[in-house]
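See below for the structure under consideration.
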Amino acid sequence: MQRKKQHKPLFEGNKLPVNRFKVVFNSTFFEIPEFYVDKPFKCKLCSKKEVWTAKQQKWWYEEVKGDLETTAVICRECRDKKKAQKDLLISNKI
Ligand SMILES: [Zn+2]
Numbered sequence: 030m031q032r033k034k035q036h037k038p039l040f041e042g043n044k045l046p047v048n049r050f051k052v053v054f055n056s057t058f059f060e061i062p063e064f065y066v067d068k069p070f071k072c073k074l075c076s077k078k079e080v081w082t083a084k085q086q087k088w089w090y091e092e093v094k095g096d097l098e099t100t101a102v103i104c105r106e107c108r109d110k111k112k113a114q115k116d117l118l119i120s121n122k123i
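Mapped onto my numbering, the consecutive letters of the sequence shown carry residue numbers 30 to 123.
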């Protein structure tokens, strides 16, 4: 048996650099942060505690072009439920 030594920092992957050229920035009230960091939050629908990861934030702000002032307030489970409801509504209309 071989034992590999792992040098794994505890917070690896939980911090991502912000691409200033990709984010939509239209607020004069605060500065663009240098890094995205994992952000714990409480779901406003079911009160479950969840973490909005740095990766999800990067995707939201840079790919979806979400406003920098928006932040996750609904857990993944509730979002999926909402989405399912919406899909249902759309299919009902057709
Ligand atoms: Zn929830």
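For glycine and all other residues, C-beta sits at the position ideal for the given N, C-alpha and C. Bear in mind that the values here come from a model prediction, so they are computed numbers and not experimental data.
L74 beta carbon near ligand 1 (any heavy atom closer than 7 Å): yes
From A83 to L74, what does the alpha carbon distance come to, in whole angstroms? 22 Å
Where DSSP assigns a beta bridge to K78, which residues make up the other side? K71
Residue(s) in a DSSP beta bridge with F50: None, per the DSSP bridge assignment.
For the alpha helix (DSSP H) containing A83, name the first residue and the last one. 83 to 87
Give me whichever residues DSSP pairs with L97 in a beta bridge. Looking at the DSSP assignment, L97 forms no beta bridge with any residue, so it has no partner.
So is the beta-carbon of K77 under 7 Å away from any non-hydrogen atom of ligand 1? yes
Assuming V66 is part of the beta strand (DSSP E), what are its boundary residues? 64 to 66
Provide the residue(s) that pair with L45 in DSSP beta bridges, ordered along the chain. Y65
May I ask you to report which of helix, strand or coil DSSP gives R108? helix
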